[in-house]
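Here is the structure we will look at.
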Amino acid sequence: MSADSAAAESSRQAGLRKTEPYWFEFQTYAKQRWFGRELIEIMTTEFRDRTKEYYVWAIHKGICSVNGKKANIHQVISDGDQICNSVHRHEPPVTNDPIKIIHRDDDKGMLVIVKPGSIPVHAAGRYLKHTLTGLLESQHGIQRVYTTNRLDRLTSGVMVCSTKKETASKLGALFASGQVSKAYVCRVRGQFPEGEVACREPILTIDRQSGVNIVHPKGKPCETIFVRLSYDAETDTSVVFCRPITGRTHQIRVHVQYLGHPISNDPIYGHNIWDKVDPASFAEVVPDQWKKVGGEIGHKDVERIVDAIKGDQDGQEDWARWKDEVLFKDLIKQEGLENVNVPGPNGRSSRPSDELLKRALEKLENASGEEIARGLNRPVDIETAWQKRVREQSSDFCPECKIPLLPDPKPEELYIYLHAIKYWSDEWTFEDTLPWWAREDWKSITPSGSGSLSGAGEASLPQDLAVAHKTEAQLSSMPMSALITNEIEEKAARLVDPQKYTEQDHGLEILQVSQLVDRPPVASGVSSVLQREEALLVEQKVRLALHSAMVEVPVVFQVFGGFEDFAQRELAQQIIKRTNAAASSSAKITASIHAGHVWVRDPVLSTPALQAYLEAQLGISKAAYLLTALEAFPQDLAAELKHEKYIGGTSKRAKYRAKELKKAIARGRGRALGTQKTNSRIIEKPALLQQADEQDGDSAAAPSSSERNGVEGSADQLNNLSLTDDGSSTPRSSNFENSADASDVEAEEGGMITVFASEVKLLDLLDRIWNDSTEKLDKALQSWIKVMEAATGEALKPEQLSYRATVDRATYNLPSLTSQSMERHVGNLAWLWLNGPDDETADLSVPPKWKVDLEQPLLDVTLKFFPGFGIADEFEKELDAKHDPSLKSEGQIAFMLKLPSPFVVHPRRPAGRNALLVGGTTMAEYRAASLALSLPLPTQRRSKDGLQQAETLAPFRVLEPCCGHGSLAFETAAMMEAKGLHGEVLGCDIEEETVSRAQKIASLANLTRADAPVQVHLKAVDGTKPEALEEFVGGRGTIDAIITDLPWGKREKAAQSLSKLYSYFLESWFPVLRTGGYAMVVTAEHRTLTNAITIFETVCRKKRRGAILKMEEVRMLSHSSDGVGTDPSLAPLVHIEDEKVKTQGQIDVERNGKMRKIEIGYHVYVFMIRKMAL
1 MSADSAAAES
11 SRQAGLRKTE
21 PYWFEFQTYA
31 KQRWFGRELI
41 EIMTTEFRDR
51 TKEYYVWAIH
61 KGICSVNGKK
71 ANIHQVISDG
81 DQICNSVHRH
91 EPPVTNDPIK
101 IIHRDDDKGM
111 LVIVKPGSIP
121 VHAAGRYLKH
131 TLTGLLESQH
141 GIQRVYTTNR
151 LDRLTSGVMV
161 CSTKKETASK
171 LGALFASGQV
181 SKAYVCRVRG
191 QFPEGEVACR
201 EPILTIDRQS
211 GVNIVHPKGK
221 PCETIFVRLS
231 YDAETDTSVV
241 FCRPITGRTH
251 QIRVHVQYLG
261 HPISNDPIYG
271 HNIWDKVDPA
281 SFAEVVPDQW
291 KKVGGEIGHK
301 DVERIVDAIK
311 GDQDGQEDWA
321 RWKDEVLFKD
331 LIKQEGLENV
341 NVPGPNGRSS
351 RPSDELLKRA
361 LEKLENASGE
371 EIARGLNRPV
381 DIETAWQKRV
391 REQSSDFCPE
401 CKIPLLPDPK
411 PEELYIYLHA
421 IKYWSDEWTF
431 EDTLPWWARE
441 DWKSITPSGS
451 GSLSGAGEAS
461 LPQDLAVAHK
471 TEAQLSSMPM
481 SALITNEIEE
491 KAARLVDPQK
501 YTEQDHGLEI
511 LQVSQLVDRP
521 PVASGVSSVL
531 QREEALLVEQ
541 KVRLALHSAM
551 VEVPVVFQVF
561 GGFEDFAQRE
571 LAQQIIKRTN
581 AAASSSAKIT
591 ASIHAGHVWV
601 RDPVLSTPAL
611 QAYLEAQLGI
621 SKAAYLLTAL
631 EAFPQDLAAE
641 LKHEKYIGGT
651 SKRAKYRAKE
661 LKKAIARGRG
671 RALGTQKTNS
681 RIIEKPALLQ
691 QADEQDGDSA
701 AAPSSSERNG
711 VEGSADQLNN
721 LSLTDDGSST
731 PRSSNFENSA
741 DASDVEAEEG
751 GMITVFASEV
761 KLLDLLDRIW
771 NDSTEKLDKA
781 LQSWIKVMEA
791 ATGEALKPEQ
801 LSYRATVDRA
811 TYNLPSLTSQ
821 SMERHVGNLA
831 WLWLNGPDDE
841 TADLSVPPKW
851 KVDLEQPLLD
861 VTLKFFPGFG
871 IADEFEKELD
881 AKHDPSLKSE
891 GQIAFMLKLP
901 SPFVVHPRRP
911 AGRNALLVGG
921 TTMAEYRAAS
931 LALSLPLPTQ
941 RRSKDGLQQA
951 ETLAPFRVLE
961 PCCGHGSLAF
971 ETAAMMEAKG
981 LHGEVLGCDI
991 EEETVSRAQK
1001 IASLANLTRA
1011 DAPVQVHLKA
1021 VDGTKPEALE
1031 EFVGGRGTID
1041 AIITDLPWGK
1051 REKAAQSLSK
1061 LYSYFLESWF
1071 PVLRTGGYAM
1081 VVTAEHRTLT
1091 NAITIFETVC
1101 RKKRRGAILK
1111 MEEVRMLSHS
1121 SDGVGTDPSL
1131 APLVHIEDEK
1141 VKTQGQIDVE
1151 RNGKMRKIEI
1161 GYHVYVFMIR
1171 KMAL
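Just so we're aligned, residue 1 is where the sequence shown starts under UniProt numbering, counting upward by one.
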């Protein structure tokens, strides 16, 4: 129903807003917790607004039906059942107070209002028209409202809302992260203590329908700070300022009741039943016991509380449920209908106590002007007289639905003395004035609603508290003091954990950082560890080899896919270290994100780049190649290959879909229907009541089988159907075997491979690229031979010449061609190039110059497909229109000759390392080195003794809390040493045996020696335990940076266990990491870690820890526009670097939610997490 019609039907009487009764149809599919339960038991326990007797009558009459048919009260509900209940709604009245708007910005979509008490936020229970959202539409014409914070129906106060979905998402994130502070005022019984009172008792829900909560040791953590504002001796009540740190349901109401000062007019927590039970016994309550069938709590005192509160609620409704029970019990008996007992408190009789029955009877007698009959002292007499009167008072019942009619309540009975008075964040502040009952002159005010008053102006908090700030809406009245809220907030944080808060104040704080990749390598290089003479010999050998080789073709380095911008910077650093040619060069190094390779296009720079690689100074490179051909992968061919790959799988895919669809039909509707949305609407009258000739079993037509399943036709017809890509059905004849696309398919004899037309085009393209590059192939081969001879120290002999072909297709998934078949094709091309053509002129008696060796060849002829960036493919979306089109990189086809390994073994990668890698997984060394380059380390710290920078910064301390075999720890230490830094890398892991092997590797790499510039210390420590980790690293605030590869995947733990594990890690890292420090983290479970970081940030804010852990973009900090980490020494690098790959890296991070996607055979993500001061 529209808001206009709702407003028209509403009426305002004596401070109340009322509406006429109306029929409402409620349809829902069975929820999972209803499966296997009888219909009468579900209706009685799940829908408490009517009694069991009513539902027995309604089911018999067909007003409550199942699957459109009249049901039996004993009918067992199963998966897929649709329950329809038609009710004649008598919506309770609410206060007539208007909704006050204190801020409205339609452009930004922000709306801040003051909700009166008694009005629910959304439609629920007996309320449909009298809701906040409905009244905003009818009174202010606001069609759609998104509520960010919610208040209980009885509570009044400020609510921050939005009229745009985008604004709602931002506000929701702001609230969820704990960045919004809240303040309330309430009036409680008794003289509340002076000063600040902190209550941190956990809260547990014990009954879903009444919403009753208790203080329980296994409840949800809660914290509220209270300050008494005033005390009224005459009424023995106090006005209290409340600052909830957490936001649990009924948190303030439960905490003040626990402190012995419940809200004065709270019908739940102010009930006198609480004085008759022992709160100490509440700890015996089993959590979630009430969720079981029947709603039994299993604790005598607590059930007594719930029963009393529910009974009192019925009493406040003039014994509506008791009237309901009396009437329909009589109707059931008169019509001879079957009745039944239902377990649980909601199935019990609603008969009130004898005393209350007699009081209600007196009310009836007085209302009719009659005197009470004498002799009504026995309970049976009272009940009999009451029932008689109920039957006689026919005007007390609705003629449509027989529901007892209730007298109108007083407006002041519809709310409690609890008001949300202020909400604020770093961006905005919104306040309301004091409600009438919070004023010191409140007894002289005549209330007209939850916050309205007559004969008095608006009031604020006492003047002596502080001078108020104005809200963003510039309220004219004097709002609540910002000083007191800020003061309480600060003191509350110290009350939570004073020791932790104090240490945070006096700890070190990192002010500026610089990533390892931006620090130039030291001139000494490996000579800091190797003997100087040996290092000079290696360097001289490399220079002679490269001088004789005269490299005239581009050089390509295989690097960590996803970190190409960092690899480009490190390569440029090594080139600058060895040559001065960079000053006149321009963009001679280039790459593309996710290509997994960086190539040096300028031959002048190829020599120093190869020198760094052959001297084992380029730890980020897995292999080096001489590039002989490079051509863009045609987009149309890529699309054709993708299409025919899909065509090749159509037949199998169609059969699978048909099989699954037949299974769904066999299952009937299936459980999926249980997740459908509820269908509720206002109707003129139930269909069953409109039929003149009502017959059992024919009251409603059952849906057909095709309607239930949403599929036309029978299951047998599916045998002749297949499904297209969009899910539509087509004749079986359109399958792959008989389609027009099949004409492009040629099946080879023997069942070897099936070649598609697009693959023939691809092979032709490879032949053309190869034939066009023979001149470069010859030059590259001569350079390759010179490098190989320098590496071996002798000329190559004819019998040593061997080769093989290698193909790396990357992410290109071809219709039928495999890597093996393509290697055979490239191998044939290489054979003809190296040995000449096999024609009739060839002398077959002469052995070939180059032999094929698939295991240990001397020459590796490599074909690689480099993935593109920003093009629409299977793994990546097309680049957005807002970005520069030139940033797109098409996929590329490259022919290359693989160069030998470095001339010398890397000093930090000992030869015996692989023998110690037993079980588990470890990150590849070149990948670990690339990740280490992204690690930010401080260039300036602030401590209580002043600023630390330059020499006073050392030694740096880095933590690897999941070290495993130590690959990441060792490469981080090696990179720090290569950059001329001093410090230590501390690694720990829970597996003692693995750490023992890592310690042996560290010893082989000379990383444990006392004279090593960067030492590695490894120990078996559980990194999820804060105390153990603090002891290992030497205390809180002692770590400059963290770098780790977290456990992930099912080989480690289930997703739920990983979620807890990640939370434990964050909790342990937080105290040891210095404020301003970074953590570089790798995981494939990116959603799990993102959620853990968000939750931990919320906890830090709510507990006021002084700092948070927050995700930042994984990027080159020196490339940012704000200049963070910028060093003038980086200027020469700009001349030889390609800026495009840096921008691509920034875009990739934006498209992946601040994370960096990396390639290790599958997608894994890198996080940059920073500890930031609040």
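Beta carbons are placed, not taken as given, at the ideal position from N, Cα and C, and that holds for glycine.
Distance between residue 118 and residue 269, taken at the CA atoms: about 17 Å.
Residue state for residue 1100 is assigned as helix, using DSSP reduced to three classes.
At a Cβ-Cβ threshold of 8 Å, residue 983 and residue 998 do not count as neighbours. Taken through DSSP and simplified to helix, strand or coil, residue 142 comes out as coil.
With respect to residue 511, residue 150 sits apart: the two C-beta atoms are not nearer than 8 Å. The three-state secondary structure of residue 250, taken from DSSP, is coil.
Sorting 796, 25 and 561 by C-alpha distance to the C-alpha of residue 866 places 561 at the top. Residue pairing by DSSP places residue 244 opposite 224 in a beta bridge. Boundaries for residue 107: no beta strand (DSSP E) harbours it, and the DSSP string shows neither H nor E there.
Residues 756, 758 and 815 of the same chain have their beta carbon placed closer than 6 Å to that of residue 644, with the five preceding and five following residues left out of the count.
For residue 512, the secondary structure class from DSSP, reduced to helix, strand or coil, is strand. Sequence-distant partners of residue 1144 (beyond 5 residues in either direction) whose C-beta falls short of 7 Å from its own C-beta, in its chain, are 592, 593, 869 and 887.
In the structure shown, the three-state DSSP call for residue 896 is strand. In the three-state scheme derived from DSSP, where H, G and I count as helix and E and B as strand, residue 123 is classed as coil. Per DSSP, residue 564 lies in no beta strand (DSSP E) segment; the continuous alpha helix (DSSP H) that holds it begins and ends at 564 to 578. By the Cβ rule, the stretch 848 to 858 counts as touching the stretch 796 to 814, because three or more pairs are nearer than 8 Å. Apart from sequence neighbours up to five positions away, the residues of its chain that approach residue 601 with a beta-carbon distance below 7 Å are 554, 588 and 590, ordered along the chain. By DSSP's assignment, residue 1016 forms a beta bridge with 985. The count of Cβ pairs closer than 8 Å, one atom from the stretch 241 to 250 and one from the stretch 277 to 288, stays below three, leaving the stretches out of contact. Looking only at 863, 833 and 864, the smallest Cα-Cα distance to residue 851 is reached by 833. Residue 860 is bridged by DSSP to 804. The C-alpha of residue 61 lies about 26 Å from the C-alpha of residue 32. Following the DSSP letters along the chain, one finds residue 172 inside the alpha helix (DSSP H) bounded by residues 165 to 176. Annotation: residue 631 to residue 899 spans about 21 Å, alpha carbon to alpha carbon. For the pair of segments examined, the stretch 889 to 897 was found not to touch the stretch 990 to 1005: the number of CB pairs separated by less than 8 Å stays below three. For residue 79, the secondary structure class from DSSP, reduced to helix, strand or coil, is coil. Contact annotation, residue 93 with residue 324: C-beta distance approximately 19 Å; criterion of less than 8 Å not satisfied. For residue 184, the uninterrupted beta strand (DSSP E) segment begins and ends at 181 to 189. Distance from the Cα of residue 1082 is smallest, within the candidate group 1098, 1013 and 1163, for 1163. DSSP places residue 607 within a helical segment (H, G or I) once states are collapsed to three. No residue range can be given for residue 212, since it is assigned to no alpha helix (DSSP H) and is classified by DSSP as neither H nor E. For the 8 Å CB-CB criterion, residue 35 and residue 79 form a contact. Beyond the five residues adjoining it in sequence on each side, residue 40 comes within less than 8 Å, by CB distance, of 52, 55, 56, 59, 73, 74, 340 and 342 in the same chain, given in chain order.
Taking the Cβ atoms as the reference, residue 1110 lies roughly 13 Å from residue 1155, outside the contact range of under 8 Å. From the listed residues 576, 515, 38 and 234, the smallest Cα separation to residue 1135 is found for 576. The three-state reading of DSSP puts residue 219 in coil, since its state is none of H, G, I, E or B.
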